[in-house]
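Enquirer: When we follow our numbering, the leftmost residue of the sequence shown carries the number 21, and every step to the right adds one.
A virtual CB, placed ideally from N, CA and C, is assigned to each residue, including glycine.
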Amino acid sequence: MKWINNSKWLGAWICIILAVAGIGLEPNAAHASATGVTQATYGVEALNGLDAANAKLSLSATASTAITNGTDWKDTAGNPIQANSGNILKVGSTYYWYGEHAENWKFEKVNVYTSTDLKNWSFRSSILTKDSAPELNSSKIERPKVIYNKATGKYVLWAHYENGTDYSLGRVAVATSDTPDGAFAYQGSFRPLNYESRDMTLFTDTDGSGYLVTASRKNGGANDTMAIFKLTDDYIGVQSFVGWIFENGYREAPAVVKKNNTYYLFTSQASGWYPNQGAYATASSMTGSWSALSPFGDPAAYGSQIHSIATITGSAGTSYIYMGDRWNPLNLSDHKFIWLPLTLNDSNKTATLNWYSSWDLDATTGNVILPSLVNHAQGKTATANSAASGSPASLANDGNAQTSWKTASASWPAWWQVDLGSTKTISEVDISWFMYKGSEAYYKYKIEYSTDGTSYSTIDRTSNTAYGFTSDKVNFQARYVRINLVTAVLFNNPNNWYTPTVHEVRLLGH
Ligand code: DGJ
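Here it is as structure tokens:
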């Protein structure tokens, strides 16, 4: 059967079948690594003694056993989850996931969903709506963040506030509640200490200090420089200006996390609703000094823009979830969630973000469980129709999404090919494409594959409209895989002036 060749579905079916049979799922070969990440191999022999066909018939259709990226996420009632650009807060043993619901470019609601396993989310309430205050009626409320103030016992929401038509106000909005699921009482909107404030986040430090980190204006350009402010003790106002950061960097989408004594500040570039290269800086204090920016993930942050990092602490340790939005620039309510395991390395203060279409996080232990897929392309012999000096074909399968293969001239189509050495079964093709800030592009391409290098089959992806990163579920056997770059479509440019460039091709399978 087709699904038996696909590890994700095999794993998911086994989880469901065992759950139906009342058997707890235990990976039969698990290697816990120093990072708390577990590679799991789900044994087919676990099916022994079960009537798989019957078990499949009686499974519950809605339970999620994994975090599956780029799909339509539904709540436990089967409704689409509307919670863009928010954050997760843990209250007791329950996780509260806050986020925005926008329609037609305007604010509708800030919703909250709850879960204990981080995979199955129940709608709890709309904690703020366009009817909560007159000025919300026709407005933009973006990037809502909810934090808890221990001293006052209040839950405090901050968000980016704009009128309903443009981004000229540059304000924050604040609301408070005695409970995590509201309703939140609207406190109004303002510019923090009269500075402009657009994309923003909140951070509560281990000493109880609260901070606002926001895209502001220092030198005349909207969002030209980020600003950090300290919040008042009750978190409902701004106490002081802490400092500027990333001067003239035009950074947006801030998200802060602290691990041990290191603060990580993640941001994106400013490119509207289009994905771009994310980057982070580190410091030993929220007051700085902050390091230079380092890139994370691939040039499109795997087709997402960061909004928060969830810290998940269980019995075995702490893991971090990168929470990103994959926006649909034409329809904000049609957006997708991209949640990925984020690795923070204490010793060299680095952050690593890899792509997993599907992965798991055990909320009880805090352990990340990664699929046991292998990238068959990495390090294998690559060729191409041409290569610019310093950009050989081998840089598209070196395991580093920051390096790239580039053709010698800007002519399309182009092709890149890898020889896997022997025939492999491939279940997923992930491609990190070249992106340039402000010239967002999607690629029309074909995946061509062959066992003998003579006769090729084709998967036509010229209908693709995903920006910067593509992940295709496939099921083929091949020794030779060729990516045919038909053309790039540049949203903000009438002509495709790109030189064919690919940062990374990953061919996943067992
Ligand atoms: C990018 C920001 O990150 C989003 O939150 C939103 O403000 C858009 N810009 C608006 O174009």
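Can you name the start and end residues of the beta strand (DSSP E) that Asp396 belongs to?
Expert: The count along the sequence shown starts at 1 and reaches residue 396 at position 376. One point to set straight first is that residue 396 is His, not Asp, in the sequence displayed. Element bounds for His396: n/a, residue is neither H nor E.
Enquirer: In this structure, does DSSP put Asp492 in helix, strand or coil?
Expert: Within the sequence shown, the letter at position 472 stands for residue 492. Three-state DSSP puts Asp492 in a strand.
Enquirer: Name the two residues that bound the continuous beta strand (DSSP E) containing Glu216.
Expert: On the sequence shown, residue 216 is found 196 positions in, with the first residue counted as 1. Premise fails: Glu216 is in no beta strand (DSSP E) and is neither H nor E.
Enquirer: Taking Cβ to Cβ, would you say Thr307 is nearer than 8 angstroms to Lys369?
Expert: Here residue 307 refers to the residue found at position 287 of the sequence shown. Here residue 369 refers to the residue found at position 349 of the sequence shown. Not closer than 8 angstroms, so no.
Enquirer: Cα separation between Leu352 and Ser304?
Expert: Taking the sequence shown and counting its residues from 1, the one referred to as residue 352 is at position 332. Taking the sequence shown and counting its residues from 1, the one referred to as residue 304 is at position 284. Rounded to whole angstroms, Leu352 to Ser304 spans 36 angstroms at the Cα level.
Enquirer: State buried or exposed for Lys493, treating a residue as buried only when at least 16 other CB atoms are found within 10 Å of its CB.
Expert: Residue 493 sits at position 473 when you count from the first residue of the sequence shown. Burial call: exposed.
Enquirer: Going along the chain, which residues of its own chain have a beta-carbon closer than 8 angstroms to the beta-carbon of Gly196, five neighbours each way excluded?
Expert: Counting from one through the sequence shown, the residue named residue 196 turns up at place 176. Correcting the residue identity first, residue 196 is Thr in this sequence and not Gly. Lys174, Tyr175, Val176, Leu177, Phe204, Ala205, Gln207 and Ile256.
Enquirer: Taking the beta strand (DSSP E) that Met220 belongs to, which residues open and close that run?
Expert: Position 200 of the sequence shown, counting from 1, holds the residue named residue 220. Met220 to Thr224 is the span of the beta strand (DSSP E), which, as asked, contains Met220.
Enquirer: Drop a sphere of 10 angstroms on the beta-carbon of Ala235, count the other beta-carbons inside from all chains shown, and report buried for 16 or more, exposed for fewer.
Expert: Residue 235 sits at position 215 when you count from the first residue of the sequence shown. With 16 or more other Cβ atoms within 10 Å, it is buried.
Enquirer: Should Gly31 be labelled buried (16 or more other beta-carbon atoms within 10 Å of its own) or exposed?
Expert: For the purposes of this step, residue 31 is taken as the residue at position 11 of the sequence shown. For Gly31, the pLDDT reaches just 34, beneath the cut-off of 50, and the residue's location in the model is therefore unreliable, although a value from the coordinates is still provided. Label assigned to Gly31: buried.
Enquirer: Does the beta carbon of Trp293 fall short of 7 angstroms from some heavy atom of ligand 1?
Expert: As a working note, residue 293 is residue 273 in the sequence shown. Yes, since a heavy atom of ligand 1 falls inside the 7 angstroms radius drawn around the Cβ of Trp293.
Enquirer: Which term fits Lys170, buried or exposed, when burial requires 16 or more other beta carbons within 10 angstroms of its beta carbon?
Expert: Here residue 170 corresponds to residue number 150 of the sequence shown, with the count starting at 1. Label assigned to Lys170: exposed.
Enquirer: I'd like the ranges of any beta strand (DSSP E) spanning at least 3 consecutive residues and lying wholly in the segment 435 to 522.
Expert: Correct list: 461 to 470, 477 to 481 and 489 to 510.
Enquirer: So, are the CB atoms of Ser470 and Tyr500 less than 8 angstroms apart?
Expert: Translated into the one-based positions of the sequence shown, residue 470 becomes position 450. Translated into the one-based positions of the sequence shown, residue 500 becomes position 480. Cβ atoms of Ser470 and Tyr500: closer than 8 angstroms.
Enquirer: Let me make sure I understand the geometry here. Which of Pro100, Thr287 and Lys150 has the alpha-carbon closest to that of Asp354?
Expert: Stepping through the sequence shown from its first residue, residue 354 is reached at position 334. Ranking Pro100, Thr287 and Lys150 by Cα distance to Asp354 puts Pro100 first.
Enquirer: I need the DSSP call for Leu528, collapsed to helix, strand or coil.
Expert: Indexing the sequence shown from 1 puts residue 528 at position 508. Leu528 falls in the strand class under three-state DSSP.
Enquirer: My output table needs one value for Glu155: the three-state DSSP class, helix, strand or coil.
Expert: Stepping through the sequence shown from its first residue, residue 155 is reached at position 135. Correct three-state label for Glu155: helix.
Enquirer: Going by C-alpha distance, which of Pro295, Glu272 and Thr224 is nearest Lys278?
Expert: In the sequence shown, counting from the first residue as 1, residue 278 sits at position 258. It is Thr224 whose Cα lies nearest to the Cα of Lys278.
Enquirer: Does Pro520 pass the burial test, meaning 16 or more other C-beta atoms within 10 Å, or should it be called exposed?
Expert: Numbered from its first residue, the sequence shown carries residue 520 at position 500. Pro520 is buried by the Cβ-count criterion.
Enquirer: When the distance is taken between beta carbons, is Lys464 closer than 8 angstroms to Thr507?
Expert: Taking the sequence shown and counting its residues from 1, the one referred to as residue 507 is at position 487. Taking the sequence shown and counting its residues from 1, the one referred to as residue 464 is at position 444. Contact flag set, yes.
Enquirer: Given this structure, state the Cα-to-Cα distance separating Tyr284 from Tyr340, to the nearest angstrom.
Expert: By one-based count along the sequence shown, residue 284 stands at place 264. By one-based count along the sequence shown, residue 340 stands at place 320. Taking the straight line joining both Cα atoms gives about 12 angstroms.
Enquirer: Does Asp354 come out as helix, strand or coil in the three-state DSSP assignment?
Expert: For the purposes of this step, residue 354 is identified with residue 334 of the sequence shown, where counting begins at 1. Three-state DSSP puts Asp354 in a helix.
Enquirer: Can the beta-carbon of Gly190 be found less than 8 angstroms from the beta-carbon of Ser217?
Expert: Counting from 1 along the sequence shown, the entry for residue 190 is found at position 170. Counting from 1 along the sequence shown, the entry for residue 217 is found at position 197. Their beta carbons are under 8 angstroms apart, which means Gly190 touches Ser217 by this criterion.
Enquirer: Ligand 1 and Asp219: does any heavy atom of the ligand fall closer than 7 angstroms to the residue's C-beta?
Expert: Here residue 219 is taken as the residue at index 199 of the sequence shown, counted from 1. True, at least one ligand heavy atom lies under 7 angstroms from that Cβ.
Enquirer: Taking C-alpha atoms, which residue in Ser452, Gln437, Ser392 and Ser260 lies nearest to Pro212?
Expert: Walking along the sequence shown from the start, residue 212 turns up at place 192. The shortest C-alpha separation from Pro212 is found at Ser260.
Enquirer: Starting from Tyr115, trace the beta strand (DSSP E) in both directions and tell me its first and last residue.
Expert: For the purposes of this step, residue 115 is taken as the residue at position 95 of the sequence shown. Tyr115 -> beta strand (DSSP E) spans Thr114 to Glu123.
Enquirer: Using the C-alpha atoms, what's the distance from Leu362 back to Tyr342?
Expert: One-based indexing of the sequence shown puts residue 342 at position 322. One-based indexing of the sequence shown puts residue 362 at position 342. Cα-Cα distance, rounded: 6 angstroms.
Enquirer: For Asp201, count neighbouring C-beta atoms within 10 Å of its own C-beta (all shown protein chains included) and say buried if the count is 16 or more, exposed if not.
Expert: Locating residue 201 in the sequence shown gives position 181, counting from the first residue. Answer is buried; the Cβ neighbour count reaches 16.
Enquirer: Would you say Gln289 touches ligand 1, meaning its beta carbon is less than 7 angstroms from a heavy atom?
Expert: Translated into the one-based positions of the sequence shown, residue 289 becomes position 269. Flag unset: Cβ of Gln289 not near ligand 1.
Enquirer: What does DSSP give as the partner residues of Tyr181 in its beta bridges?
Expert: In the sequence shown, counting from the first residue as 1, residue 181 sits at position 161. Per DSSP, Ile161 and Arg191.
Enquirer: Would you list the residues sitting across from Gly344 in a DSSP beta bridge?
Expert: As a position in the sequence shown, residue 344 is number 324, starting the count at 1. DSSP lists Ile326 and Ile358 as partners of Gly344.
Enquirer: Could you check where the beta strand (DSSP E) with Lys278 kicks off and where it finishes?
Expert: Translated into the one-based positions of the sequence shown, residue 278 becomes position 258. Note, Lys278: beta strand (DSSP E), Arg271 to Lys279.
Enquirer: Under 7 angstroms: does the beta carbon of Ala273 sit that close to some heavy atom of ligand 1?
Expert: Here residue 273 refers to the residue found at position 253 when the sequence shown is read from its first residue. Yes, the Cβ of Ala273 comes within 7 angstroms of a heavy atom of ligand 1.
Enquirer: Helix or strand or just coil, what does DSSP make of Leu415?
Expert: Reading the sequence shown from its first residue, position 395 is the one you call residue 415. The answer is helix: DSSP assigns Leu415 an H, G or I state.
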